[in-house]
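Following the UniProt record's numbering, the numbering of the sequence shown begins with 1 at its first residue and continues without gaps.
Beta carbons are placed, not taken as given, at the ideal position from N, Cα and C, and that holds for glycine.
Here the structure comes first, spelled out in structure tokens, and everything after it is commentary.
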Amino acid sequence: MATVLCLSKFATFRPRPFSSPFPSTPSLSTTSINLTLAPSFSSATLSFTWDDVFRVSESQSAAQPRSRYLQGFSHKVQLCNRASEKQSEFLPFVIEDHVVGFIHNGFVEHLRGFGEVFVFPKDKYNGCPNGEIVSLHPLLKTTEERTSAVGYVVERLGEEQIPGIRNELYPVTSSFGAPIFFSLERAAAPYFGIKAYGVHMNGYVEVDGEKHLWVGKRSDTKQTYPGMLDHLVAGGLPHGIDCQENLVKECEEEAGIPRSISIKAIPVGAVSYMDIDGFRFKRDVLFCYDLKLPKDFVPKNEDGEVDSFKLIPIKQVAEVIRDTQFFKPNCSLVIIDFLFRHGYICPEYHGYLDLLRSLRIGDCS
């Protein structure tokens with residue numbers, strides 16, 4: 001007997017969004033800091049001060065042999081690209097013959113109880129355990145119907161299965177700029193393994209010919225990566241806004257940068273990574289921007305998500321990234337890319353090409 005799908009109970013649901021995790025590894029810093037690490041680094045409480053940051057940044061590790069200097073950077077890239085050997089544990093999430101995500105076998109079991117939303121046909125996609133895939137019920141035809149129905153499931157699964165709902169929607173698509181099949185709560189994105197996009201901006205100042213980077217310290221009350229170092233401006237790319245407009249909005253909210261200045265930010269490329277942590281599969285692409293700021297500009301946070309800002313010479317920022325885990329992990333990738341592009345990492349260092357290539361090891365599409 002054919003299944004009759006009732007959409008009425010989804011009609012009034014307004015989906016909400018979430019965030020992501022991280023494992024703990026010991027800090028390479030020799031400073032005295034208190035790291036109270038939770039099972040996932042994203043929710044860890046890191047207790048360190050700006051004094052700790054500057055102690056590390058003023059170290060002389062740049063004098064290390066060229067054969068070892070890039071190892072600390074490579075380690076930060078590895079932290080964003082864990083457990084690739086576990087990809088076989090995930091089923092393809094397929095819509096209209098397009099693979100839009102990957103869902104862990106264990107999380108799939110939570111979805112089987114929602115037969116009016118998800119179906120599990122056999123197919124011949126490579127790497128599928130038993131040839132099974134995850135798809136949406138064929139009666140869910142429109143973007144709005146799919147968004148509402150999947151949002152209903154996310155709501156029902158609740159904080160226990162998908163912690164950190166943020167009431168922000170991400171577009172679900174096979175690649176950037178491709179048609180959008182539906183929109184999904186941000187926090188649920190890694191549980192469905194969809195492609196997620198963001199914008200990160202290197203806000204820098206030149207002082208006596210030397211580049212200095214504005215660095216933010218996240219609020220201790222942030223749901224993800226509390227107290228960690230961050231870009232001057234960064235944010236996920238939600239549904240319905242393009243990269244430049246999203247960057248301009250984030251500039252105003254996070255650092256008080258007026259549109260007359262932020263509109264001058266230059267798009268300089270992208271980094272990508274794929275990270276597996278339990279049921280979560282992050283497949284992220286970050287669009288990178290550089291903005292040269294006036295010397296007299298001082299950022300001011302407007303949304304309460306940043307505790308404070310400091311202007312730090314880029315060479316010292318590099319030392320902090322190399323020798324500690326003070327930075328939010330994906331920020332390290334964007335800043336390492338900045339170091340390449342501005343000549344702070346040169347081909348004479350052992351592992352130069354490997355590190356350069358690893359910055360786009362994810363599905364950059």
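Whole angstroms are fine: how far does the CA of residue 49 sit from the CA of residue 142? Start at 1 with the first residue of the sequence shown, and residue 142 comes out as number 142. Start at 1 with the first residue of the sequence shown, and residue 49 comes out as number 49. For the pair residue 142 and residue 49, the Cα-to-Cα distance works out to about 50 angstroms.
Please name the residue, chosen from 343, 97, 157, that lies closest to residue 134 on a Cα-to-Cα basis. In the sequence shown, counting from the first residue as 1, residue 134 sits at position 134. It is 97.
Could you pull the DSSP bridge partners for residue 188 from this structure? Counting from one through the sequence shown, the residue named residue 188 turns up at place 188. By DSSP's assignment, residue 188 forms no beta bridge with any residue.
Taking the beta carbon of residue 146 as the centre, do at least 16 other beta carbons fall within 10 Å, making it buried, or is it exposed? Counting from one through the sequence shown, the residue named residue 146 turns up at place 146. Counting C-beta atoms within 10 angstroms of its own C-beta, residue 146 has 16 or more neighbours from the protein chains shown and is therefore classed as buried.
Can you tell which of 300, 223, 238 has the C-alpha that lies nearest to the C-alpha of residue 216? To locate residue 216, count along the sequence shown from 1; it is residue 216. Closest by C-alpha distance to residue 216, out of 300, 223, 238, is 300.
Is residue 360 helix, strand or coil by DSSP? Translated into positions along the sequence shown, residue 360 becomes position 360. Three-state result, residue 360: strand.
Nearest by alpha-carbon distance to residue 392: which of 305, 265, 240, 242 is it? Lying outside 1 to 365, the shown extent of the chain, residue 392 is not represented and no answer is given.
Inter-residue Cα distance where the pair is residue 221 and residue 230: The sequence position of residue 221 within the sequence shown is 221, counting from 1. The sequence position of residue 230 within the sequence shown is 230, counting from 1. When the Cα atoms are used, residue 221 and residue 230 turn out to be separated by approximately 14 angstroms.
Could you please give the first and the last residue of the uninterrupted alpha helix (DSSP H) stretch that includes residue 319? As a first step, residue 319 is located in the sequence shown; it is residue number 319 there, counting from the start. Here the alpha helix (DSSP H) through residue 319 covers 314-323.
Among 52, 359, 194, 53, which residue has its Cα nearest to the Cα of residue 281? For the purposes of this step, residue 281 is identified with residue 281 of the sequence shown, where counting begins at 1. Here the closest residue by C-alpha is 194.
Secondary structure, beta strand (DSSP E): runs of 3+ residues fully inside the stretch 40-92: Here the runs fully enclosed are 45-47.
Is residue 367 helix, strand or coil by DSSP? Because the chain is modelled from 1 through 365, residue 367 falls outside the range shown and cannot be assessed.
What are the start and end residues of each continuous beta strand (DSSP E) run of 3 or more residues lying completely inside the stretch 197-262, in chain order? Here the runs fully enclosed are 210-218, 229-231, 233-236.
For residue 78 and residue 85, what's the separation of their Cα atoms in angstroms? As a first step, residue 78 is located in the sequence shown; it is residue number 78 there, counting from the start. As a first step, residue 85 is located in the sequence shown; it is residue number 85 there, counting from the start. Taking the straight line from one Cα to the other gives about 13 angstroms.
On the DSSP bridge assignment, give the partners of residue 291 in chain order. Locating residue 291 in the sequence shown gives position 291, where the first residue counts as 1. DSSP lists 203 as partners of residue 291.
So what does DSSP say about residue 267, is it helix, strand or coil? On the sequence shown, residue 267 is found 267 positions in, with the first residue counted as 1. Residue 267 falls in the strand class under three-state DSSP.
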